[in-house]
Amino acid sequence: MTLYHGDLRKRKKSGGRKRPYRKWRRFESSGTRADTSVGEAVRASVKARGGNVKVKLLKGRHANVHDASGKT
Numbered sequence: 051m052t053l054y055h056g057d058l059r060k061r062k063k064s065g066g067r068k069r070p071y072r073k074w075r076r077f078e079s080s081g082t083r084a085d086t087s088v089g090e091a092v093r094a095s096v097k098a099r100g101g102n103v104k105v106k107l108l109k110g111r112h113a114n115v116h117d118a119s120g121k122t
């Protein structure tokens, strides 16, 4: 599921509603989550804005683990 990163629907400083003056644009939404799991490395290429390419890791052999107590 994609996530919208624009601010068309925020409220004004006075608390009133902002009316959107246009529809959402594709560049204002994020891609789908990678949901990386443990296994042999599998990567997927995703087209990004400006002709760039992003690489998502779908499976990896190592994981960084963090615990709120500070002990890993």
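With the numbering used here applied, the sequence shown corresponds to residues 51 to 122, in that order.
The beta-carbon is built from N, C-alpha and C at its ideal position, and this holds for glycine as well.
* Asked: Considering only residues of the same chain and omitting the five flanking positions on each side of T52, which have a CB-CB separation below 7 Å?
  -> S79, S80, G81 and T82
* With DSSP as the reference, label R111 as helix, strand or coil. => coil
* To do: Spatial neighbours of K68 within its chain, please: CB distance less than 8 Å, with the 5 preceding and 5 following residues excluded, ordered by chain position.
  => L58, R59, K60, R61 and K62
* Cα-Cα separation, A113 to K106 -> Note on geometry: alpha-carbon atoms of A113 and K106 lie some 15 Å from one another.
* Asked: Quick one: what's got a C-beta closer than 7 Å to L108's C-beta in the same chain, skipping five residues either side?
  -> A84, T86, V92, R93 and A94
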